[in-house]
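A short write-up of the structure that comes next.
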Amino acid sequence: MFERDDDTLTDVTARVAASLKAAVRLDAALDARVMAQVSALPAHRPGGWLGRAWSWLRRPRTFALSPLAGLAAAASVAAIVFLAARLGAPPVGAPAGGDRTPVQFLLVAPRAASVMLVGDFNDWTASATPLRTAAGGGLWTVTVPLAPGRYRYAFVVDGKRWQPDPSAPPAPDDEFGSPSSVVTVGGTL
Amino acid sequence: MTALRTAALAAGLTGLLAAQAAGQDPRLERLDPDTRIAVAGLVDSARASGLPAEALIDRALEGAAKQAPASRIISAVTTLLSNLRDVRAALGASATAPELEAGASAIHLGVRPAALTRLRVLRARQPLTIALSVMADLTARGVPADSAAAAVLALAGSLRDDQFLAFRRSVERDIELGAPPAAAASSSVRLGAGSLPMSNGGTSTSMPPRRP
Amino acid sequence: MGIGEGMSKDAELVRRVLAGDAAAYGGLVAQYRDRLARYAVRMLGDRSDAEEAVQDAFVRAYRSLPRCDDPQRFGPWLFGILVNRCRTSYARRARRERVVLHDESASLVAAVASTAERLDWEAEIAWALDRLDPPYREAFLLRHVEDLSYDEMATLTGAGVSALKMRVLRACERLRVLLKETDRV
């Protein structure tokens, strides 16, 4: 169908390609990180049996086989390949991403007997996340690990009084009768 | 049939439907049966459209926790679903759930969908969650929606997410100190664009000139 | 300038590494780091994903070095490993992040087309590139940014030459459509 590589770019796609050819610099420490990982691996050995076995397998060869012999040969080749794969490179694990960030919530309520944190992250369950106060103080706190995202929440004081977080942005109101606050946790998923 | 048996049958049917709906998500059992059915229907509709159902469930649970009337809960969830659809139309098919939810807050507060589309272009292939959240948060603090959107867009090409949060804090601090919200936003933009380090060294950071 | 130009130098370094001189691998990393970086960033659109993919590719290449058939062609062989890493990275990110939908975002194109303001060119390209499906983006980048031949691309991607030519053409068509409304002289 195509007689030659007649896909020379003209017009806007040429500009796109030209722009994309600009050099891209990543973090300068990348070389060091690669070499650190490399140096932690076993060094290659000259004439290692793994390399030799693989080269032997890859070399094209022609020989006659009876059907049964062919099966046996195939099985032994498969065994060697399997063994090579096992002893060779296990896949590099991906670094963990999407970590949760500890977020501290606090409320000053000197006369409160109890303060609960209620919000999207605990299904608005009134009893799930109590705040604690240092003895005698009116400063109630709790720290919750949160994945990146945006969460509505409020405090419930003494089991009955809804209290938004005075230090946080207000949540868009849904006219539920008491306002909530919003916390935004950064990072990538 | 006697009235009693009819009523019992009707109650049983409602309970059955409610149970079916509640089978969608056990948390919805906190709602009364009629609310549960309506919300479950909205949740199903969201799921069918690929929109984040969790956001709708959270909103219903908030209403239940605050013992809001059924009509308020259903109205809130319906509005949220509509906002999510609008955000998806503005941001495109690849928008993630956190982006949709943050965008829905912004739209609910009056930010125009075109501003979201513009944000996607200026911040291509980065998550927009934080930028959209900041738009919503500023508006919630009293900055007029258009001003909040304009402020975020002006900085969209040059700030990292953590810098966006710092920008929001600086606006909030000014508002707390008594500045009119719109003024606080625009003065922080001038400071932010001038003094914060650019996120991608070497790429163009010029702000697009506006057509008259 | 195609990849793998300093072939005999590469071959020498590869032989030294296989002989046990791990430090010699640093020379290969320095040689190819920027080329890999450029492709990975354009393909994935995310610098930290790209760094991870490039780092990953180098380490895998080191481990698999005995399986590199021709030390003189280390460059293209390494590039093939990177292309695969990028595919894995993209698929992983798509599973984590995306609400999976299949409707064309025609309304989005129209919205951008009606935007009155002139946009930053690089942002436009990034946006348009992101709107290409990964196989088309990959083919466009390999052919017209990395300047690989279709034969080399076939080896790297496992696709046939005709299929690759088709993908490149489609990618160009799509880029023209996407950028048409905003491309003002």
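In order, the protein sequence lines correspond to chains A, B and C.
Adding 864 to a residue's 1-based position in the first sequence gives its number in this note's numbering.
Adding 8 to a residue's 1-based position in the second sequence gives its number in this note's numbering.
Adding 1 to a residue's 1-based position in the third sequence gives its number in this note's numbering.
No residue lacks a Cβ here, since even glycine has one placed at the ideal position from N, Cα and C.
Everything numeric in this text was worked out from a predicted model, so none of it was measured.
(Q) To test your reading of the DSSP string, which unbroken alpha helix (DSSP H) runs of 4 or more residues are found completely within the segment 135-196 of chain B? (A) 137-148, 153-163, 169-184
Q) What are the boundary residues of the beta strand (DSSP E) that A:Gln1027 is part of? A) 1025-1027
(Q) Under 8 Å: do the segment 156-168 of chain B and the segment 1024-1033 of chain A share three or more Cβ pairs, one atom per stretch? (A) no
Q | Status (buried if at least 16 other CB within 10 Å, exposed otherwise) for B:Arg67 | A | buried
**Q.** Where A:Glu1039 falls, given that 16 or more other Cβ within 10 Å makes a residue buried
**A.** exposed
Q | Cβ of A:Ala896 within 9 Å of any chain B Cβ | A | no
(Q) Would you say A:Asp1022 lies against chain B (beta-carbon separation less than 9 Å)? (A) no
Q.
For the alpha helix (DSSP H) containing C:Phe59, name the first residue and the last one.
A. 48-64
Q) Secondary structure at A:Phe1040, three-state DSSP: helix, strand or coil? A) coil
Q. Which residues in the same chain have their Cβ closer than 7 Å to the Cβ of C:Ala107, if we skip the five residues on either side of it in sequence?
A. Residue confidence is low: C:Ala107 scores 34 on pLDDT, short of 50, so the model does not pin down where it sits. Its coordinate-derived value is still stated next. Cβ neighbours of C:Ala107 beyond the five flanking positions: none.
**Q.** Any chain C beta carbon closer than 9 Å to B:Gly111
**A.** no
Q.
Contact criterion: CB-CB distance below 9 Å. Does C:Ala172 meet it with respect to chain B?
A. no
Q.
Measuring straight from C-alpha to C-alpha, what distance separates A:Ala887 and C:Arg88?
A. 21 Å
**Q.** C:Val169 versus C:Tyr137: straight-line alpha-carbon distance, rounded
**A.** 6 Å
Q) Around the Cβ of A:Phe927, are there at least 16 other Cβ atoms within 10 angstroms (buried) or fewer (exposed)? A) With a pLDDT of 44 at A:Phe927, under the threshold of 50, the predicted position of this residue should be treated as unreliable, and no value is reported.
Q. Would A:Leu932 be called buried (16 or more neighbouring beta carbons within 10 Å of its own) or exposed?
A. Note that A:Leu932 scores 42 on pLDDT, short of 50, meaning its location in the model is unreliable; the coordinates nonetheless yield the value given after this. Exposed: under 16 other Cβ atoms inside 10 Å.
Q: Please confirm if A:Phe1019 has its CB atom under 9 Å from at least one CB of chain B.
A: no
Q | For A:Tyr1015: DSSP bridge partner residues | A | A:Val1047
Q) Who are the neighbours of B:Leu130 on chain C, taking C-beta pairs under 7 Å? A) Ala124
**Q.** Expected contact under 8 Å - CB spacing of B:Pro189 and B:Gly165 to nearest Å
**A.** Contact doesn't hold; Cβ gap of about 24 Å is too wide.
Q.
I need the DSSP call for B:Gln75, collapsed to helix, strand or coil.
A. coil
Q.
Looking at chain B, is there any beta carbon in it that lies within less than 9 Å of the beta carbon of A:Arg1025?
A. no
Q.
Beta-carbon within less than 6 Å of C:Met8's beta-carbon, same chain only, minus the 5 sequence neighbours each way: which residues are those?
A. Gln73
Q | Against chain A: residues of the segment 36-47 of chain C by CB proximity under 7 Å | A | Ala38, Arg39, Val42, Arg43
(Q) Alpha carbons only, please: which of B:Asp170, B:Ala122, B:Arg120, B:Leu36 is nearest the one belonging to B:Ala139? (A) B:Asp170
Q. Apart from the five residues on each side of it in sequence, which residues of its chain come closer than 7 Å, Cβ to Cβ, to A:Arg925?
A. A caution first: A:Arg925 carries a pLDDT of 44, below 50, which makes its placement in the model too unreliable to give a value.
Q: State the DSSP-derived secondary structure class of A:Trp1004, mapped to helix, strand or coil.
A: strand
Q) Candidates C:Arg86, C:Glu123, C:Glu139: which alpha carbon is nearest C:Asp57's? A) C:Arg86
Q | Contact list for A:Ala990 against chain B, beta-carbon separation under 8 Å | A | Ala73
Q: Locate the beta strand (DSSP E) running through A:Thr965, then write down its first and last residues.
A: 965-972
Q: List the endpoints of the continuous alpha helix (DSSP H) containing C:Leu180.
A: 162-181
(Q) Let me confirm a value: C:Arg16 is counted as buried when at least 16 other C-beta atoms fall within 10 Å, else exposed. Which label applies? (A) exposed
Q. Using a C-beta to C-beta distance shorter than 7 Å, which residues of chain C count as neighbours of B:Arg133?
A. Gly46, Asp47, Ala127, Asp131
Q: To the nearest angstrom, report how far apart B:Ala99 and C:Asp134 are at their CA atoms.
A: Note that residue 99 of chain B is Leu in the sequence shown here, rather than Ala. When rounded, the distance between both Cα atoms is 17 Å.
(Q) Taking 7 Å as the limit between beta carbons, can you name the residues of its chain near B:Gly71, skipping five residues before and five after? (A) Arg80, Ile81, Ala84
Q: State buried or exposed for A:Pro966, treating a residue as buried only when at least 16 other CB atoms are found within 10 Å of its CB.
A: exposed
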